[in-house]
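S.K.:
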Amino acid sequence: MEVLGIIPARYASTRFPGKPLTDIKGKSMIQRVYEQASQSGLAEVLVATDDNRILEHVQAFGGKAVLTGSEHQSGTDRCFEAYKLHNQPYEYIINIQGDEPFIHPEQIELVAKCFEKPQTQLATLVKKVETAEELFNVNSPKVVLSTSGEALYFSRQPIPYCRNVPNDIWHKQHTYYKHIGIYGYRADILEQITQLPPSTLELAESLEQLRWLENGFRITTALTHHETIGIDTPEDLERAVNNC
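Quick look at the structure:
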């Protein structure tokens, strides 16, 4: 099974302009993501960017990249355009976040393995919530799972509600999972979900994956024990570098 990895990378960012090109101990952020992804066994890795500076930088270090439009509202939309521009017959695509320079290759492989199940349409990762702080952090979406490991719902709030239990021990009374933001798509499903308008649940929670669930698509999950470190601000980068 050959899988294409696509790394969406925008230059513009309100909180961190030029983030993909920022230096991390001698290498750019996007190069570090690219190299980590290339260790995962993907058939090919491709950067999808809307900026010539990123395109030329990726090509300079020997990577592959395509120039996409600047109007995309999500990484999913950018991935689909990149897939079409690349014009290679892959059945499966993995969207790897361009601001996670320390992503573990094993996490990418976990997503790819989800497609060994013929019923898998979309795939992502979850990680067990370990602390009350994680559980009540609205910037860290949580996932409710079915007994078969498919996602039932994503929320910024902790669900289910643990009735008659103090908030600080909810995570000890019930197994909660947080979402790790890497996505796998069957190519035909990727095309379909990019045609969907924003849904009511998505608009309420500001979580794109709810659009897919609300429209009847199924999301298979795999459990990871690795944390991911997303870089949204220069302060995030400083903390990540100091802790790595």
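Here our numbering is used: the first residue of the sequence shown is 816, the next is one more, and so on.
Glycine is no exception: its CB is placed at the ideal position from the N, C-alpha and C atoms.
Note that the coordinates shown come from a computational prediction; the quantities given were computed from them, not determined experimentally.
Whose C-beta lies closer than 6 Å to the C-beta of T883 among residues of the same chain, with five residues either side of it excluded?
M.R.: A863, D865, R893, E896 and A897.
S.K.: Identify every residue that forms a DSSP beta bridge with V958.
M.R.: V958 is bridged to F969 and Y992.
S.K.: Put T891 into one of helix, strand or coil per three-state DSSP.
M.R.: Three-state DSSP puts T891 in a helix.
S.K.: Would you call the stretch 918-936 in contact with the stretch 978-985, where contact means no fewer than 3 C-beta pairs closer than 8 Å?
M.R.: No contact exists between the stretch 918-936 and the stretch 978-985.
S.K.: Determine, using beta carbons only, whether I918 and L1005 come nearer to each other than 8 Å.
M.R.: No, the Cβ-Cβ distance between I918 and L1005 is not below 8 Å.
S.K.: Going by DSSP in three states, N867 sits in which element: helix, strand or coil?
M.R.: Reduced to three states, the DSSP call for N867 is helix.
S.K.: Between G1045 and E915, is the Cβ-Cβ spacing less than 8 Å?
M.R.: Their beta carbons are under 8 Å apart, which means G1045 touches E915 by this criterion.
S.K.: Jot down the residue ranges of each uninterrupted beta strand (DSSP E) in the stretch 825-874, minimum 3 residues, whole runs only, in chain order.
M.R.: Whole beta strand (DSSP E) segments, 3+ residues: 859-864.
S.K.: Can the beta-carbon of E1020 be found closer than 8 Å to that of R971?
M.R.: The answer is yes: Cβ separation under 8 Å.
S.K.: Between which two residues does the beta strand (DSSP E) holding K943 run?
M.R.: That run of the beta strand (DSSP E) goes L937 to K943.
S.K.: Which stretch, first to last residue, makes up the alpha helix (DSSP H) that contains I1004?
M.R.: Note, I1004: alpha helix (DSSP H), A1002 to I1008.
S.K.: Give me the DSSP bridge partner(s) of Y907.
M.R.: Beta-bridge pairing links Y907 to V818 and R1001.
S.K.: Would you mind reading off the limits of the beta strand (DSSP E) that contains L1022?
M.R.: First-last for L1022: undefined, no H or E at that position.
S.K.: Considering only C-alpha positions, which residue in the set R1001, A1055 and G913 is nearest to I822?
M.R.: Per the Cα distances, G913.
S.K.: Which partner residues of A927 appear in the DSSP bridge assignment?
M.R.: Answer is none; A927 lacks a bridge partner.
S.K.: Is DSSP giving V1015 helix, strand or coil here?
M.R.: With the sequence shown as reference, residue 1015 is identified as Thr, and Val is not the correct amino acid for it. T1015: helix per DSSP, three-state reduction.
S.K.: Between which two residues does the beta strand (DSSP E) holding I1034 run?
M.R.: Taken as a continuous stretch (DSSP letters only), the beta strand (DSSP E) holding I1034 covers I1034 to L1038.
S.K.: Could you tell me whether the stretch 994-1010 touches the stretch 935-955, where touching means 3 or more Cβ pairs closer than 8 Å?
M.R.: The stretch 994-1010 is in contact with the stretch 935-955.
S.K.: What are the start and end residues of the alpha helix (DSSP H) that includes E948?
M.R.: Its alpha helix (DSSP H) spans residues A947 to L950.
S.K.: Hey, out of Y968, R847, I839 and K993, whose CA is closest to L950's CA?
M.R.: Among Y968, R847, I839 and K993, the Cα nearest to that of L950 is on K993.
S.K.: Sort M816, V953 and R1054 by Cα distance to P933 and report the nearest one.
M.R.: Comparing Cα positions, the closest option is M816.
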